[in-house]
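Here is the structure we will look at, set down as structure tokens.
In full-length UniProt numbering, the protein residues as written are 1 to 378.
Right under this line is the structure:
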């Protein structure tokens, strides 16, 4: 399994859940992040899911459902929480929910496959220097709610937890010393949970809690109190000037306010701290499109080399090419975008337009022809 091909997504669903697809995508429900409060739990669940991926369990068990599940499921997944800020229309479509997605569960495999994935998870965690207590914690939680079917009815109705599984986990002999997570790691994880909750939970629910300045800044932004949001973030950034995620949030707000120059400055500062962050590159490119499309293009091309199946990136590329006067490339990008979105009518429309501009030996036309072949085969 190529680790570079594994992608992790957050699903806007309150259930404690995680699942994988045959294409090495790991989906983590918002509910699992809220439940965890500690990186050990999420890492334990991810290790278990990677066990399924490594053993090709999903392909072996559900090969005939693969195309249907991917096509339906991906339409409703949060690529990242902050994509809601990038394009609200996309966000509303993504968080609509899916029956197919909701039925893919952490325990939706045969008992034997579950035990194999457990064993893989234990070995992975051990090799990485992490405790398996987080995995035990979430499995105990599932077991406690098995009879009542609270939270997890689709898990337990088909695959109840066995005492044998838990005993095997308890009996695992560690081969390496547990290094665990640093305080910095734990603080970073807490920030992730805060961000998920601040963006996705009902505001009325959050107002009954004691919120950190970081969470409150996001709530202020959601309530259109942008001045207060910026002021809170200014204080936080003054205290931690190299924190890229504080600058990212401020950049998003500045973008919405129309202060594109300041927004670009913040995005570049954030990207200087985490230069391989693909989402930051997309966000920066989105801002640069408004000021200097030519400088946006390299960032989008870097992302495209990693995320060719991201329709939002193709959309941004179409805008950049259009603003640069490269109309054929804009059509090419739109054909790719509509193919990924499953919009048959518009896909065929932009395929036709692309063919008018590219000669038979161009790589663009070869890609268009491959997309057409995939479309006919679907």
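Beta carbons are placed, not taken as given, at the ideal position from N, Cα and C, and that holds for glycine.
- prompt: Given a threshold of 16 other Cβ atoms within 10 Å of its Cβ, counted over all protein chains shown, does residue 363 qualify as buried or as exposed?
  reply: By 1-based counting over the chain shown, the position of residue 363 is 363. The residue is exposed, with fewer than 16 neighbouring Cβ atoms inside 10 Å.
- request: Determine the direct distance from the alpha carbon of residue 303 to that of residue 115, and round the result to whole angstroms.
  value: Here the question's residue 115 lines up with position 115 in the chain shown. Here the question's residue 303 lines up with position 303 in the chain shown. Approximately 37 Å between the Cα atoms of the pair.
- prompt: From which residue to which residue does the alpha helix (DSSP H) around residue 25 run?
  reply: In the chain shown, the residue the question calls residue 25 occupies position 25. Here residue 25 belongs to no alpha helix (DSSP H); instead the beta strand (DSSP E) covers 25 to 29.
query: How would you label residue 347, buried or exposed, when you count the other beta carbons within 10 angstroms and need 16 or more for buried?
result: The count along the chain shown starts at 1 and reaches residue 347 at position 347. Buried, by the Cβ-count rule.
field: Under 8 Å between C-beta atoms of residue 247 and residue 262
entry: Within the chain shown, residue 247 is the residue found at index 247, counting from 1. Within the chain shown, residue 262 is the residue found at index 262, counting from 1. No, the pair does not count as a contact, with Cβ atoms beyond the cut-off.
- prompt: Bridge partners of residue 7, per DSSP?
  reply: For the purposes of this step, residue 7 is taken as the residue at position 7 of the chain shown. Beta-bridge pairing links residue 7 to 25.
- request: Quick one: which unbroken alpha helix (DSSP H) runs of 4-plus residues sit fully inside the segment 284 to 356? Chain order, please.
  value: 293 to 306, 311 to 323 and 327 to 341
query: Nearest-angstrom Cα distance between residue 203 and residue 254?
result: Mapped onto the chain shown, residue 203 falls at position 203. Mapped onto the chain shown, residue 254 falls at position 254. Straight-line Cα distance between these residues: approximately 21 Å.
query: Which residue comes first and which comes last in the beta strand (DSSP E) that contains residue 19?
result: Looking up residue 19 in the chain shown gives position 19. Residues 18 to 20.
- request: Between the Cα of residue 17 and those of 33, 5 and 24, spot the shortest distance and give me the residue it belongs to.
  value: Walking along the chain shown from the start, residue 17 turns up at place 17. Closest by alpha carbon: 33.
task: Excluding the 5 residues preceding and the 5 following residue 285 in the sequence, name in chain order all residues of the same chain whose CB lies nearer than 7 Å to its CB.
output: For the purposes of this step, residue 285 is taken as residue 285 along the chain shown, with counting starting at 1. 296, 299, 300 and 316, listed in sequence order.
- prompt: If you draw a straight line from the C-alpha of residue 182 to the C-alpha of residue 351, how long is it?
  reply: In the chain shown, residue 182 corresponds to position 182, counting from 1. In the chain shown, residue 351 corresponds to position 351, counting from 1. Looking at the two C-alpha atoms, the distance is approximately 51 Å.
- prompt: Where residue 69 and residue 199 are concerned, what is the direct C-alpha to C-alpha distance, given to the nearest angstrom?
  reply: As a working mapping, residue 69 is identified with position 69 in the chain shown. As a working mapping, residue 199 is identified with position 199 in the chain shown. Only weak support exists for where residue 69 lies, its pLDDT of 38 falling under 50; the coordinates are left without a value.
task: Ignore the nearest five residues each way along the sequence and tell me which others in residue 271's own chain have a CB closer than 8 Å to its CB.
output: Sequence index remark: in the chain shown, residue 271 carries index 271 (1-based). So the qualifying residues of the chain are 244, 277, 280, 281 and 284.
query: Between which two residues does the alpha helix (DSSP H) containing residue 248 stretch?
result: As a working note, residue 248 is residue 248 in the chain shown. Its alpha helix (DSSP H) spans residues 244 to 257.
field: Alpha-carbon spacing of residue 324 relative to residue 294, whole angstroms
entry: For the purposes of this step, residue 324 is identified with residue 324 of the chain shown, where counting begins at 1. For the purposes of this step, residue 294 is identified with residue 294 of the chain shown, where counting begins at 1. Looking at the two C-alpha atoms, the distance is approximately 7 Å.
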